[in-house]
Structures are given as structure tokens and as C-alpha cells.
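To keep things clear, I will list the structure first and then write my remarks on it.
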Amino acid sequence: MKPYNNRAWFLILPVILAVAFSAILPLMTIVNYSVQDILGPGQSVFVGTEWFQMVMRDSELHGALLRQILFSLSVLAIEIPLGILIALTLPAQGWRASLALVLIALPLLIPWNVVGTIWQIFGRGDIGLLGYTINQIGFSYNYSANPIDAWVTVLAMDVWHWTPLVVLLCYAGLRAIPDAYYQAAKIDGASRWAVFRFIQLPKLRNVLMIAVLLRFMDSFMIYTEPFVLTGGGPGSTTTFLSQYLTTKAVGQFDLGPAAAFSLIYFLIILLFCFVLYNWMQRVGTGDAK
Amino acid sequence: MMSKHITRPLLALYLLLSLLPIYWMLNMSLKTNAEIVGTLTLWPQNLTFDNFRTIFTDPSWYDGYINSIIYVLINMVLSVAIALPAAYAFSRYRFLGDKHLFFWLLTNRMTPPAVFLLPFFQLYSTVGLMDTHVAVALAHMVFNVPLAVWILEGFMSGVPKEIDETAYIDGYSFPAFFVKIFLPMIKAGVGVTMFFCFMFSWVELLLARTLTSVNAKPIAATMTRTVSAAGMDWGVLAAAGVLTIVPGALVIWFVRHYIAKGFAMGRV
Amino acid sequence: MARIELVELAHAYKPNPTQPGDYALRPMTMTWDDGGAYALLGPSGCGKTTLLNIISGLVRPSHGRVLFDGKDVTALPPEQRNIAQVFQFPVIYDTMTVFDNLAFPLRNRGWGAAEVGRRVSQVAEMLDLTSDLKHRASGLSADAKQKISLGRGLVRPDVAAVLFDEPLTVIDPHLKWLLRRKLKEIHHELKLSLIYVTHDQVEALTFADKVVVMTQGEVVQAGSAQELFEEPAHTFVGYFIGNPGMNLLPCTVRDGAAYVEGNGIALSDKARAALKGAAQATLGIRPEFVECASAPGQGAAQATVSTVRDLGTHFLAEFQVGARSVAAKLRTMHAVPGETVWLRLPPERTLYYVNDKRVA
């Protein structure tokens, strides 16, 4: 069992200061705005929970929320298993491993608006490699007109963009498993599947939790890439939560409702993550944290 | 481990698919806008370096590149430096509020950075840090430090606590133990953390642009400025994309030995 | 139970080793008797773990052969060699219960549930793990986990040898003793060959019938604790074994006597003959055998007392002989620091080494 030691707080202090300095004040500001109706500079009226109620009743919000949930779940369902799989295929060391790591990491390094821009062209049936190829194969594919195509393209773009994150995390996690475990498994006559199931997967627990939470959060807040690619369309079929918020705030330039919605947005993510976090803690070994 | 006959082709396939859009971006960067939106060509028919030339002859782009590298490196070093002791504390000790604190850290990543725009602007203006590299580095710590703490804690918890105790019995002081024994054991985690801190800070454009004006203006400026009166400047955007890959690729190259197996788990 | 033979065994990382430095393990030939308990003792990096891994099959040697009961197993992987290995830190399957951990090797071989249950209960009983069988393995203490690691090795009835790689490293000191005793019990009961790697001489000397001392990839001596103590064949063995280790003093041989810092020590006939022709040699004598007198005598060396420590059962004294320091364990000690005394080195306990190898 871990020893109880309140002096550990000193080790944490720099982190708390750094993060709180940047986080708490803005949060307070947001909360402040969310309960006011700002009529003009210096003129505001306290309106309590009015904005929150208004936001919750907005049917467009419900649509965007459902689409967002579907998107994030799909992203997790594809990227996590794929990431683990690719991490397993990477060699443990050597020049091939180094080269592969660099190549795999490349999609992560492109600014997100450029990602969207590239895929805009890439996915076009007339001038893009992907679009053209799909049409040649026989599917009629048009991501600007067809909602399903738009979804597939946005998903494909996200998988391409972010699976490397899962790969890198899992790869590092695999490298942290001491040789002795593989050696003992050899001596025990374990099959390759048993090695994966009883040694690698359990030891990847920590890393996978980070990957799942991270990908969930980031996909739930995704804005730039789909906005640049489809603009939220066709219609509003690929309008996710973040875009909805931005449109509302920028379009109406109303800080009150925008702030309220930001808080609700944050609380939704918080709730999902909290549930995910606790569920993942319970799954697996019993001596977590 | 899976047989080589499965893993090699699988990996090769993945890399091939993964590199297609990158190749496409490179392709676009060497074409004129007319060619990009005109026809589908697998390589430039009218090869042109104009896009790159535009970037290289634009002094603000060159400066932006350097500025971005500066604040990203500051952020990376600071984030990892303060995350290490915190992660160790979370991993090795229980203390008042530890579970809640750990989760709270992650909640700082649960808001779109857009939400922080206005408050940050006001905050940094008041403190007089506007338009400095430090401002962006600090601002980015909001999302990088929690990530660093979470990843490092995960890797640290994988090292049995008995190793710590054995080291003390063998006479190591805490700093010596941490640097010579502990860190090498979690070096995969450190390597990956450094890369992710670099990456997330590098691609964050909104805050970086908002908090800077002249002195510390990052590449974000050019990235978002490439919509001219004639429409989207596809070629220049693609060229800029190509160039922004370079620093990150270098970072991964430098930490590759941390992430991949360098040497076996140390012996006390 | 297996008789293990190493024939011309060597391991080098480079394909064509020429110098001693190219070898991780220098060429050796050795036989380890069936059912014996052996310790591989040496400092970090001496090659003992490499040797252990070659015996277990995790490492394929670059030269030589390994034989189990006369059968050449050099090319065989670990699972086909009927060995078990216990590592420096507990290697268990976290997600399984203790029972499933112990049952794992048997299930992999296709054993039926009833047989598995019987065998696992048997081994658990032997290791005092019966009460923990239903518990998750990950929640137990380090020593229990090491017992599980050991149990997984013992659970296979055809296991011939159990190899230990510094298994007590992460165990609490007060539990180490219990675990060591348990290992000895198992050894007596099952009569398996046990090979135990350690850098702790106390562990090695108490655990094993025969200790193999290694340094820098070379086996310098293999023998019982007494042999290693009283007749170290190599200066390293003299220095490594014992607390404090043997005093090693460079000496020059002239006119039938060995001169240490100007003091002449008489040589026995045997020693004189062995050292003929050697100009430089090393004189070795254990602190336990150094005698201290207040008056000069035949063949005694003049020394100044540096420190004296009363350790209850004996005195640990340090002397300066010229530029060298000599340690001695004495029953009585009357001299005080700064005094001049004469150290007598009994010829029957004084050993001589040329180029680190014992000659007399």
C-alpha cells in the first residue's frame, strides 16, 4: 500500500500553480458571464439560470450533441484497437523502429486547418486522389452532397490524423514491459495470444486509459478539421458540438448564452470522462490507485 | 509477439495508407493553385517552387517559425520538468485530496481552448506578458502539464515500489536514485511525453495567435492568412504544412531511443 | 533432477572473439551434479546472469554446448528444457488468481482440470500459499509473489532444475531469511538441482553446497564455502569472500624470502619452489589469521596500528605496513593506534599469487 504522506503536496505545488494560474481565473470569468445578460460594455443584468435553461431546450443543440456522441464513440471504436494493433507490429528497436516512429508521427504534426484543407482536396472526386479512386472502384462518392460520405470522410480524416497518438502511447507502454515477463511466458509455454491477453494488455492498462480519455475528450471538442473539410455539412449533418457553440457565440456575439453553453459543454465532457475513468479503474486488476 | 509474416506487411500497409495524404500534401505544395483545383495529377505537371519561395521570402514566416519553436521548446521543458515530481508524488504517495486533484488536472483539458481566449487575453494584458514567448508557453501549460502528469504517472506506476526501497538500502540518495535508476526505467514514458507536449503546443494556433502580435508571432499567422482575395491559397498552405512537419519530426528522432528499447531494465 | 554439463562453453557478442575482453563469458567446462545447490557469485556485470540464461535457454551461447543428463540441449528453447526460472522481481500474471497463476503452465500443456487442481494444491501446500489460492495475485506482497513465481516453476513434475536470478533483491530483509529457509526446505524435499545467482556472498555461502565465483566473464573458482575461504585460487576470490576480504600485499621474491615493504617473510619450501623465477608476486592472508605481537619475531613484519574497533566478539584492527594497510581480526588487542607492533603471518595460512592465480 502506498504510504500516506501529506508532504507530497510540495512536489505537486508547481503543477497546481502553473495550471490554476491559467485555468481558474478564466473559469471564474466564464461562470460570471454565464449568469448575466450583457447588454453593452459595463451594462449587465443578472439573469441566473436563464441562459442554461434556454440552451438546454435548444433542439439544434440536441442534434449536435447526438451527432457528437456518435462521432466520438466511432472514433474510439476504430482508433483504440487499430492503435494497439499497429503498436504490436512495430519492432522493439533498431533503425526500422526509429524510421517507423517518425513516419507514424507525421500526421500529428500538421496544423489542424491544413489537415482539413488537404483532405478537402484529397476527398474530391474530380481533383483528389481518394475521391477519384473511390469513384473508380464503383461507389459514387461525394462528401459535399452525401451525408454518409461526409461522415465517412470526417471519420477517415480523424483516424488518419489521431491514430498515431494511440500507437505512440501503446508502443511506449509495450516497451516498458520488462523482458522477464516474456521470458517467463516462454518458460511457461504460453501461446502468443496468451502473451497478449495476460501480459501485454494488462500492462497497457494505464496507457490505454490515457489514450481513451484523451481521444474521447479531443474528439468531443473537435472543431477545425471537420469545419474546414465539410463546413458542418451537407446541411448540418456533420455539425458537431464545438462548431455549434462557435456559431452561436460568433454569430450572435452574445457572451451570456455562449458562456452558459461553454459550461454545459464542459460539464458534459466531465461527466462522460468521470464515468469512463471510474469504469476503467474497476476493469482489470483490483489494486488500482 | 506476432509472427513477422503478419506484422511486417500489416505495418507496411498502414504506413503506406498513412503516408498517402502526406504525399498528397507534398504534391500540392509543388503545384500552382490552378493545377490543384483544375485537374487530378499524381505529380505536378508544372512543377513549381513558388509556394515555398513565397514562404521563404516572407520574413514574418521565418520569424514565425523561430518564434513557434522557441515557445514550444520552453513549454515542453517546463511542462515535463514540473510534471515529473508531481507524477512521482501521485504514483508513490497517498495524500489529502490526491484522487480528486489527479482528476481535476485532466479537467483542464476538457474545455475547447477557445473558451480561454478572452480571459487569457485580459489576464496576460494585465500582467504585462502580452506578445512574449513566455506568455504562450505558460498558456499552453494549461493543457500540456495535465497530460504530462497523467502519462508520466502511468509509467511510474509500472515500476515496482520495491525498486525505490532497494535503492535506498543500497545507499542511493533520492536525486541519485531518481536520475540514475528511476528515470531510465520510465524513459519510454518521458520520450512520449516530451513529444506530445511539443506536438500539442506546436499545433495550437488560436491561443498562440491571440496572445501575440509582433515580437512572438508564431507560424499561426501565416497559416490563417493564406486566404487571399483570389480565394484559398492551396499551394502555399500545403507548402507551409510540409515545412511545419520538420521540427516535430526532429523531436521524435531525438527521443527515439527513449521510446524504443535502448537497453534492458536496469539492475539495482 | 538433472546433471548439467557445460562443454567448452563461451559467449561473445562479436563473431570472432580474439581477446578476453571480447567475451561476455570466457571458455569454461564444468559439471554440476544432479540435485546439488549451486550459487553463482560475483559482482555486477561478471556474466553470472548470462551464464544462467544460457543454462535456461533464454540465451544461445556463441560457442560450446550445454548438456542435461548427457543430452545436448544447446539448441532447445526454455520450455523444452524442463527448467524453471525465478527472476529478480516477481513475475506473475496480474489478472489471474494465485491458483490460475500456478495452473497456467499445466493448462498450457493440456492437463485436465482435476489433475491441475491436485498438482496446484500440492505445490501451494509446499509453499504455504494455500490460503491465498483464491486471491488475485497482484494484491499480494513481494515475497508471496516470488513464491508464486517459484511455484509456477515447481508445478511441472518434470522440472529438472530451478534457476534463480537474484530473487531476493526486492524482498524485505526480515522476510529474506524466511524465503531462504523455504528454498532450502524445497531443495531437501524435491531434490532438484538449484542454481542461484547472487552478488551477496552471505546468501551464496549459506545457500549453496558449491559456490562458483565469477568475475569479468571468467569462472575463477568453484568450491565449497570452506574451500573458497581457506584456499582461494584467485586473488579476486580472496578479496571478494570474507568480510573484510583477504589482505593482498604485493611482494618481491629474493633469496628465498618474500619482501613486503621491506619486511622479509620466510617462505616454506613448497612456496619457495613455486615462486622460483617470479620476481613479483602477491601475498595473501586473511584478516582472521594475522597475528599481532608486541615484540619482533622471526618472519614478522613491522607495522603501525592505525585503528582498532571493538566489535564485541573480536577486534577489527587496521595496520600500516609501510605504504600498505593490513586488516586483522583479533581476539585480544592491547596495542593502541600509533603504536608499533609486529605482525606474524603463519606460513600455513599465507598464500602466494602470481598474476592473480594462486601458486602456493
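Chains as they are written, first to last, in my numbering: chain H, 89 to 377; chain E, -11 to 256; chain X, 917 to 1276. Note that CB positions come from ideal geometry on N, CA and C, so glycine has one too.
{"query": "What residue range does the alpha helix (DSSP H) around Thr241/H cover?", "result": "Pro235 to Arg263"}
{"query": "Below 8 Å on the Cβ atoms is my guess for Ala1141/X versus Val1127/X; work out the distance and round it to an integer in Å.", "result": "6 Å"}
{"query": "Name the chain E residues that come within less than 8 Å of Ala1058/X, Cβ to Cβ?", "result": "Pro148 and Glu150"}
{"query": "For Leu170/H, which residues of its own chain have a beta-carbon under 6 Å away from its beta-carbon, when the five flanking residues on both sides are left out?", "result": "Thr251"}
{"query": "Taking Arg1202/X as the reference, give the member of Val1242/X, Gly1069/X and Asn998/X with the closest Cα.", "result": "Val1242/X"}
{"query": "What's the C-alpha gap between His1178/X and Asn1163/X?", "result": "Rather than His, the amino acid found at residue 1178/X in this sequence is Gly. Distance between the alpha carbons of Gly1178/X and Asn1163/X: 17 Å."}
{"query": "Could you please give me the residues that DSSP links to Lys1126/X through a beta bridge?", "result": "Tyr954/X"}
{"query": "Between Thr154/E and chain X, is the shortest Cβ-Cβ distance under 7 Å, so that the two count as touching?", "result": "yes"}
{"query": "Taking Cβ-Cβ distances below 7 Å as the criterion, which residues of the region 290 to 306 of chain H are in contact with chain X?", "result": "Pro290"}
{"query": "Report the start-end ranges of each beta strand (DSSP E) in the region 1226 to 1257 of chain X that is 3 residues or longer and not cut off at the edges.", "result": "1231 to 1237 and 1240 to 1246"}
{"query": "Whole angstroms is fine: what's the gap from Leu243/H's alpha carbon to Pro1083/X's?", "result": "50 Å"}
{"query": "Quick check: what's the CA-CA separation for Asp260/E versus Phe143/E?", "result": "Look at the range of chain E in this structure, -11 to 256, and you will see that residue 260/E is not part of it."}
{"query": "Is DSSP giving Phe1003/X helix, strand or coil here?", "result": "coil"}
{"query": "So what's Lys19/E in DSSP terms, helix, strand or just coil?", "result": "coil"}
{"query": "Tell me which residues share the same chain as Asp1272/X and place their Cβ nearer than 8 Å to its Cβ, disregarding the 5 neighbours each side in the sequence.", "result": "His1150, Thr1151, Phe1152 and Thr1198"}
{"query": "In three-state DSSP terms, what is Val1135/X?", "result": "strand"}
{"query": "Report all residues from its chain with a CB closer than 6 Å to the CB of Arg981/X; omit the five preceding and five following residues, and keep chain order.", "result": "Val923, Asp988 and Thr990"}
{"query": "In angstroms with no decimal places, state the Cα-to-Cα distance between Arg942/X and His927/X.", "result": "7 Å"}
{"query": "CB-CB under 6 Å to Thr1085/X, same chain, minus the five flanking residues each way: which ones, in chain order?", "result": "Gln1004"}
{"query": "Kindly say whether Ala272/H, judged by its beta-carbon, lies nearer than 7 Å to any beta-carbon of chain X.", "result": "yes"}
{"query": "For a contact meaning CB atoms closer than 7 Å, what does Thr325/H contact in chain E?", "result": "Ordered by position in chain E, no residue passes the 7 Å Cβ test against Thr325/H, which lies about 21 Å from the chain."}
{"query": "What residues of chain H sit near Ile174/E, judged by a beta carbon separation below 8 Å?", "result": "Ala264"}
{"query": "With a threshold of 7 Å between beta-carbons, can Phe286/H be considered close to chain X, or not?", "result": "yes"}
{"query": "State the DSSP-derived secondary structure class of Leu1193/X, mapped to helix, strand or coil.", "result": "Here the sequence assigns Gly to residue 1193/X, which means Leu is not the residue at that position. In the structure shown, Gly1193/X sits in coil (DSSP, three-state: anything other than H, G, I, E or B)."}
{"query": "For Met118/E, does the three-state DSSP call read helix, strand or coil?", "result": "coil"}
{"query": "Rounded to whole angstroms, what's the CA-CA distance from Ile287/H to Asp1010/X? Just pull it up for me.", "result": "8 Å"}
{"query": "Which word fits Gln1117/X, buried or exposed, when buried means at least 16 other C-beta atoms lie within 10 angstroms of its C-beta?", "result": "buried"}
{"query": "Is Ile378/H close to chain X, meaning its C-beta is less than 7 Å from at least one C-beta of that chain?", "result": "With chain H represented from 89 up to 377, any question about residue 378/H goes unanswered, as that position is not in the structure."}
{"query": "Do you know how far the Cα of Gly1067/X is from the Cα of Val1078/X?", "result": "11 Å"}
{"query": "Mind the definition here: the region 102 to 122 of chain H touches the region 113 to 133 of chain E only if three or more C-beta pairs lie below 8 Å; say whether that holds.", "result": "yes"}
{"query": "Do Ile1277/X and Ala1053/X have their CB atoms nearer than 7 Å?", "result": "Because residue 1277/X is not part of the residues shown, which for chain X are 917 to 1276, the question remains open."}
{"query": "Among Tyr1268/X, Leu1191/X and Ala1120/X, whose alpha-carbon lies nearest the alpha-carbon of Gly958/X?", "result": "Ala1120/X"}
{"query": "So Val1007/X contacts chain H; which residues on that side make the cut at Cβ distance below 7 Å?", "result": "Ala268, Tyr269 and Ala272"}
{"query": "If you compare alpha carbons, which of Gly1180/X, Ala1219/X and Gly1172/X is closest to Gly1193/X?", "result": "Gly1172/X"}
{"query": "Leaving out the 5 sequence neighbours to the left and right, which residues in its chain are closer than 8 Å to Gly1213/X when beta-carbon positions are compared?", "result": "Trp1258 and Arg1260"}
{"query": "Would you say Thr20/E lies against chain H (beta-carbon separation less than 7 Å)?", "result": "no"}
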